[in-house]
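The sequence shown begins at 1 in my numbering and counts up by one.
For every residue, glycine included, the Cβ atom is placed at its ideal position computed from N, Cα and C.
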Amino acid sequence: MRLKNLSLIVLIAIAFTACKPKDSFTIDGTFQNPGTEKKVFLYGMQSSQMVAIDSTNLSEKGEFKFIRKTPSVDFFRVSIGNHEFMLIAKNGDEIKLEADLADKTMAYKISGANEVEKLSELNTIRNNFAKQVEKLQADFENKVATQPQNRATILEEMKPQYESYIKQLNTQILKFAADNKGTLASFYAMNTLSPQEFEAELVKFADEVKDEIKGNATVDTFVKQMALLKTVQVGQVAPSFTVSTADGKPVSLSDYKGKYVLVDFWASWCQPCRQENPNVVKVYNKYKTKNFDILGISLDTDKAAWLGAIKA
């Protein structure tokens, strides 16, 4: 009898699972302490930009629900007031979102699908960082309150600790991305890094992700951008181009092969460029006998303005 009951429970569970809609996804959310905010918006990706695709009102219990369809796994964002919560969803997902809008760190809980659970892991990393920074900020304000005349000194003293937190966060993000290759969560993680500081890592990641995540417009755009950036990375052969001199003769970067070349972009209307020009001349005079040259490229669209600036 017990075996029959167990079999019946299993069959019901299987039937329930089979009845879940596979052509759409759901987001069930609960917000604590929403205050006067009642309107909840759902944003989706269109032409590499987040645009509002749906909206609803919070219930008296602070609950809301969205049911949407998506061509493929993609990024979505739930917004209420000035609070925003990033999600990743695909058809068939049943996502749970919970947040306390009174929490200054803007932490939130998400579950219900593989991608959002990976994103939740990333959020834990970032939330821990936010708590560290929040405590550091409180310590700073307390010290300044008792020593307002030493504000700048206190800031300099606490700066290394903040930089240490940033370094730890970046290390954890890189590890998270490496451990979760092939997921949009890893892509999202990498895009929180500074492109100036982590250019090499982002270019390498793009080379890997182009074969692991296909059919996502945001990822495709990123891959194309990194492919262009890769061509001008340190150590790469500089892309050649041809411009005209003041007397109309063509000159190419490849004409300077074998030399140290400073490519100087400037414009007649750019005052900082014009002010820096004497220093450029000094550099040229200092190193011109050491196989060094300068190729100045004007960004002017008005040739007369360009020629006038040269003569000035």
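Taking a cut-off of 8 Å for Cβ pairs, the stretch 214-222 and the stretch 66-86 touch, as three or more such pairs fall below it. For the stretch 229-283, the continuous beta strand (DSSP E) assignments of 3+ residues that do not extend past its boundaries occur at 242-244, 250-252, 260-266, in sequence order. Taking the Cα of Ser59 as reference, the smallest distance to any Cα among Met45, Val40, Ala152 is reached at Val40.
Linking Leu97 to Lys38 through their CA atoms gives a straight-line distance of about 16 Å. Look at the beta carbons and you see the stretch 109-127 touching the stretch 75-94: at least three pairs across the two are nearer than 8 Å.
For Asp293, the enclosing beta strand (DSSP E) starts and ends at 292-298.
Shown here, Ser186 sits in a helix according to DSSP, grouped into three states. Bounds of the beta strand (DSSP E) holding Gln49 are 49-57. Between the beta-carbon of Leu295 and that of Leu253 there is about 7 Å, and that keeps the pair under the 8 Å contact cut. The three-state secondary structure of Thr153, taken from DSSP, is helix. DSSP places Gln132 in the helix class (H, G or I) of the three-state scheme. Pairing Gly92 with Phe25 gives a Cβ-Cβ distance under 9 Å. Look at Asp220 here: in three-state DSSP terms it is helix. A Cβ-Cβ distance of about 6 Å is found for the pair Leu136 and Gln161, placing them in contact under the 8 Å criterion.
The beta carbons of Tyr165 and Gln132 sit about 5 Å from each other, so the pair counts as a contact at 8 Å.
Each residue's CA atom was taken as its position, placing Thr171 and Lys210 some 23 Å apart.
If you check the CB distance, Trp269 and Ile297 do not come in under 9 Å.
Here the alpha carbons of Gln271 and Lys69 stand approximately 52 Å from one another. Boundaries of the beta strand (DSSP E) harbouring Lys96: 94-100, taken from the DSSP string. Inter-residue distance for Ser48 and Asn82 is about 22 Å (C-alpha atoms, whole angstroms).
Between Ala185 and the set Ile125, Val251, Lys249, Asp23, the nearest pair of CA atoms involves Ile125. Here Phe205 carries a helix assignment [DSSP, helix/strand/coil].
For the options Asn277, Ala305, Tyr256, the alpha carbon positioned closest to that of Asn291 is the one of Tyr256.
For the options Met106, Lys118, Pro239, Lys181, the alpha carbon positioned closest to that of Glu134 is the one of Met106.
For Ala107, there is no enclosing alpha helix (DSSP H), as DSSP marks it with neither H nor E. By the 16-neighbour rule on beta-carbons within 10 angstroms, Tyr43 is buried. Note on Ala189: 16 or more other CB atoms within 10 angstroms of its CB, so buried under the neighbour-count rule.
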